[in-house]
Amino acid sequence: MNRDFLGNKVPKKEIQRAVIDENRRKGRMGEENVKMKFQMRGYDVERSPRGKDFIARKRDIFTGRVTETKHIEVKTGKAKLSRLQEKTRKNTSNYQVVRDDPLFW
924 MNRDFLGNKV PKKEIQRAVI DENRRKGRMG EENVKMKFQM RGYDVERSPR GKDFIARKRD
984 IFTGRVTETK HIEVKTGKAK LSRLQEKTRK NTSNYQVVRD DPLFW
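With the first letter of the sequence shown counted as 1, position 57 gets the number 980 in my numbering; the numbers rise by one all the way through.
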């Protein structure tokens, strides 16, 4: 067991829970940053159900047709791709892994 700055015992599960919460917040901040960057470049960005974070589509200004589609997976820090993400990456030609580190984390 670890101790906090007051000398009280802190259970290992509580420490693990705090680390997971921090990683989750960092990941969501990274996703928001990447989503905003793609929207500023003129892409329509929507959440994807599985295997990737977003699907970004660029449309022609005059016709409204989709001219480019990207499947985007956002990773922060030293995070690795899961098995499903690796499988999706191999099977999809326009799959893009974007590494991002949020400024405030």
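Note that beta-carbon positions come from the ideal geometry of N, C-alpha and C, so glycine has one too.
None of these values were measured; they are calculated from a predicted model.
- For the pair S1005 and R980, the Cα-to-Cα distance works out to about 24 Å.
- By the criterion of a C-beta distance shorter than 6 Å, V989 is surrounded in its chain by R980 and R982, once the five residues flanking it on both sides are discounted.
- The criterion of a C-beta distance shorter than 7 Å is satisfied by E996 and K975.
- In the structure shown, the three-state DSSP call for T1011 is helix.
- With at least 16 other beta carbons inside 10 angstroms of its own, F977 counts as buried.
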